[in-house]
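Those protein sequence lines, which keep their order, are chains A and B.
Under our numbering, think of the first position of the first sequence as 868, with each following residue one higher.
Under our numbering, think of the first position of the second sequence as 1482, with each following residue one higher.
Heads up: the structure comes next, in structure tokens.
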Amino acid sequence: MSVDAATIRRVAHLARIAVDPAEVEKLGAEFNSMLGFVEQLASLDVSNVEPMTSVRPMRIKMRQDDVTDGGYPAKIVANAPSSEDGFFVVPKVVE
Amino acid sequence: MSDLTKLTLAEARDGLKAKSFSAVELTRAHIEAIEAARGINAFTTETPDKALAMAAKSDERLANGRAGPLEGIPLAVKDLFCTDGVKTTASSNILGSFVPPYESTVTANLWADGAVLLGKVSCDEFAMGGSNETSAFGPVVNPWRRKGADGSADPTPLVPGGSSGGSAAAVAAHLAIGAAGTDTGGSIRQPAAFTGIVGIKPTYGRCSRWGIVAYASSLDQAGPFARTVEDAAILLKSFASVDGKDTTSVDTPVPDYAAAVGKSVKGLTIGVPKEYRVDGLSPEIAALWDQGIEWLKAAGANVREISLPHTPYALPAYYIIATAEASSNLARYDGVRYGLRVPGEDIVDTYERTRAAGFGPEVRRRIMLGTYVLSAGYYDAYYVRAQKVRTLIARDFEAAFNDGIDAVLVPATPSPAFGIGEKSGGDPVEMYLQDVFTVTVNLAGLPGMVVPGGTSSTGLPLGLQLIGRPFGEEALFTLGHVIEAAAGRLTPEPWWRD
């Protein structure tokens, strides 16, 4: 399978990573090399195999639905690039 | 006073208890060693003041008989573990100034047991790499150098392996008594092999992942580096815990791993998988492997050839699963809640510019590949198929263990450490092949330990890898100690002090 420039641009947008137009060709070549490498999986018959969903067989842990943490907004926004009154500040989203 | 950085963890612990030296003296010796080794570039953040304050507290506890199992032991921590009030970067510009207001469970366990934080050590960016060259803060240099045919040292700088390259280099160069690392596809075991020390990736679920910057959540696992098998066993006891904050933390009591060191291996059966004798396996790696088999036989273990038929499919399955999980985990770096922000025309443009500027090329490539394999139309062909292959790989090991195999012995890496820049320039797949002997263990969730087995023709360390049953770490410590006793410990020439 070969990936074209339009696919690279689509994937980059899905991943929310700006890609320099000059980079697209190189990325495409790297993508094709990696996809070529993983292509060998197609030769295995996996029709009667269940996909792994839990690394160690275990039951998901349950806990009480209680509030056990929180109440420190200053800590939460301490690392934010921009914040005001305990809120994160972002560019205008809704006109 | 003799050089306190030469001590093993067990020796340092005993010396502190016997009051031969203080925790502050021990920590100061390591701080001086770190200052003299900046050329190795192992540390992203040094915390000497915090270390001395922690050591002073350790001295108080030692004086009043309340010493913990790691009391006063100075450690280095991979810059992927969140440390309360200490910068945590994942060796990435996107987290370049991030100071967590909380502590990871593993490091909290270490401090509760009395350990001292010397600083945070470098890794590949977001743990994505096998050479520590993808770090945003420059490559770490391996404390080992090649020897020429006439025995003279070749000054070509070599990689320490990755992703936990800073952790491995710090321990090998005696800058820390032990270190914390993480292993997603070999990131503890390959650097341990490249620097001639011991490293163990425990069973998935043995150490809490809470507070560790996530790469691929179903593969990531924390573990220790040390210069002896016994030291690694002592450290793992403190790393491991049952943690309600990690839903994959397994509810199994933590055994006394150090008690397994020195036990007899008589009656244990070791599997040697024929699929790991890959085409083009270097004769020197094959000879090391055969030597390891002979050492275990001589100590009384039974050795049997086994088959793990799906081994050749492990690497491609790994690169689909790891990149898919990474694309999801790293979606959180959006320039809103923490980390770098590059302003754009609107919110989406802000995200895209932030992530383009904040992530390095390898991280961008893996996020995009993961996005692709999860995208509509490709999910079943790539991601679901890879998870099915993963089931087959886990079944291979299960069948061997059900057939009476206690542990598996294989090489750690296909080669010794390579030069900085030698493999990072071209096709990314070439670097991925570094993990050929280590990724199976992550896919199957098993414990794997690397122990130095000898040196290459160029004088560089080579490692042997033991793979255990789920929660079979104790057998690995027992077997690893046999290899260590036969192979001896490896110490590099301290060229960086010149």
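For every residue, glycine included, the Cβ atom is placed at its ideal position computed from N, Cα and C.
{"Query": "Straight-line CA distance for V961 of chain A to E951 of chain A?", "Result": "18 Å"}
{"Query": "Use the C-beta contact count for G1444 of chain B: other C-beta atoms within 10 angstroms, 16 or more gives buried, fewer gives exposed.", "Result": "With chain B running from 1482 to 1979 in the structure shown, residue 1444 of chain B is simply not present."}
{"Query": "Report all residues from its chain with a CB closer than 8 Å to the CB of A945 of chain A; omit the five preceding and five following residues, and keep chain order.", "Result": "none"}
{"Query": "Can you give me the C-alpha to C-alpha distance between D1727 of chain B and D936 of chain A, rounded to a whole angstrom?", "Result": "15 Å"}
{"Query": "Could you compute how far the alpha carbon of A941 of chain A sits from the alpha carbon of L1561 of chain B?", "Result": "23 Å"}
{"Query": "Beta-carbon separation of S1937 of chain B and L1945 of chain B under 7 Å?", "Result": "no"}
{"Query": "Hey, is the region 1914-1924 of chain B in contact with the region 1662-1676 of chain B, meaning 3+ C-beta pairs nearer than 8 Å?", "Result": "yes"}
{"Query": "Starting from A872 of chain A, find everything on chain B with Cβ-Cβ shorter than 7 Å and list it in chain order.", "Result": "Within 7 Å Cβ-Cβ: nothing; A872 of chain A doesn't reach chain B, min ~13 Å."}
{"Query": "Buried or exposed: where does S869 of chain A fall if 16 or more other Cβ atoms within 10 Å of its Cβ makes it buried?", "Result": "exposed"}
{"Query": "Which residue's Cα is closest to the Cα of A879 of chain A: B:F1675, B:V1679 and B:R1847?", "Result": "B:R1847"}
{"Query": "Out of B:A1966, B:L1598 and B:Y1814, which has the shortest C-alpha to C-alpha gap to L1551 of chain B?", "Result": "B:L1598"}
{"Query": "Return the Cβ separation of L1850 of chain B and F898 of chain A in integer angstroms, given the expectation that the two are a contact with Cβ distance under 8 Å.", "Result": "7 Å"}
{"Query": "Tell me the DSSP secondary structure of V1645 of chain B in three-state form.", "Result": "The residue asked about is misnamed: residue 1645 of chain B is Ser in this sequence, not Val. Reduced to three states, the DSSP call for S1645 of chain B is coil."}
{"Query": "Cβ of P1909 of chain B less than 7 Å from any chain A Cβ?", "Result": "yes"}
{"Query": "In the DSSP assignment, the beta strand (DSSP E) including F1524 of chain B goes from what residue to what residue?", "Result": "F1524 to E1527"}
{"Query": "Using a beta-carbon distance below 7 Å, is R1818 of chain B in contact with chain E?", "Result": "Any reference to chain E falls outside this structure, whose protein chains are A and B."}
{"Query": "Does the count of Cβ pairs from the region 1585-1593 of chain B and the region 1638-1648 of chain B closer than 8 Å reach three?", "Result": "no"}
{"Query": "Smallest Cα separation from A1536 of chain B: which of B:G1549, B:I1554 and B:V1917?", "Result": "B:I1554"}
{"Query": "How is the beta strand (DSSP E) around M1930 of chain B delimited, first residue to last?", "Result": "G1929 to T1936"}
{"Query": "Taking its Cβ as the centre, do 16 or more other Cβ atoms sit within 10 Å of T1872 of chain B, making it buried, or is it exposed?", "Result": "buried"}
{"Query": "The alpha helix (DSSP H) that contains G819 of chain A, what's its start and end?", "Result": "As displayed, chain A neither begins before 868 nor continues past 962, which places residue 819 of chain A out of reach and without an answer."}
{"Query": "Chain A partners of A1703 of chain B, CB-CB under 7 Å?", "Result": "Result: empty, since nearest Cβ-Cβ is about 15 Å, beyond 7 Å."}
{"Query": "Figure out for me which residue from B:A1514, B:R1509, B:I1521 and B:S1539 has the closest Cα to the Cα of L1530 of chain B.", "Result": "Correcting the residue type first, residue 1530 of chain B is Asp in the shown sequence and not Leu. Comparing Cα positions, the closest option is B:R1509."}
{"Query": "When the Cα atoms are used, what is the spatial distance from G1926 of chain B to V922 of chain A?", "Result": "6 Å"}
{"Query": "Using a threshold of 7 Å, state whether the C-beta atoms of S1633 of chain B and G1595 of chain B are closer than that.", "Result": "no"}
{"Query": "Based on the DSSP secondary-structure assignment, which residues constitute the bridge partners of G1944 of chain B?", "Result": "B:P1933"}
{"Query": "Any chance you could list the alpha helix (DSSP H) runs of at least 4 consecutive residues sitting entirely within the region 1508-1575 of chain B, in chain order?", "Result": "1529-1544"}
{"Query": "Which of the three DSSP states is assigned to P1672 of chain B in this structure?", "Result": "helix"}
{"Query": "Any residues in the region 907-918 of chain A with a beta carbon nearer than 7 Å to a beta carbon of chain B? Which ones, in chain order?", "Result": "Q907, L908, L911, V913, V916, E917 and P918"}
{"Query": "Cβ of K1568 of chain B versus every heavy atom of the ligand ATP: is any distance shorter than 6 Å?", "Result": "Of the ligands one can find in the structure shown there are none, so the ligand ATP has no counterpart to examine."}
{"Query": "To the nearest angstrom, how far is it from the Cα of M1930 of chain B to the Cα of R1785 of chain B?", "Result": "19 Å"}
{"Query": "My assumption, with CB atoms under 8 Å, is that V1567 of chain B sits in contact with L1533 of chain B. Please give the rounded CB distance.", "Result": "The pair is not a contact, with the Cβ atoms about 14 Å apart (cut-off 8 Å)."}
{"Query": "Would you mind telling me which residues of chain A sit closer than 8 Å to A1808 of chain B, beta carbon to beta carbon, in chain order?", "Result": "The amino acid occupying residue 1808 of chain B in the given sequence is Ser; Ala does not appear at that position. Simply A882."}
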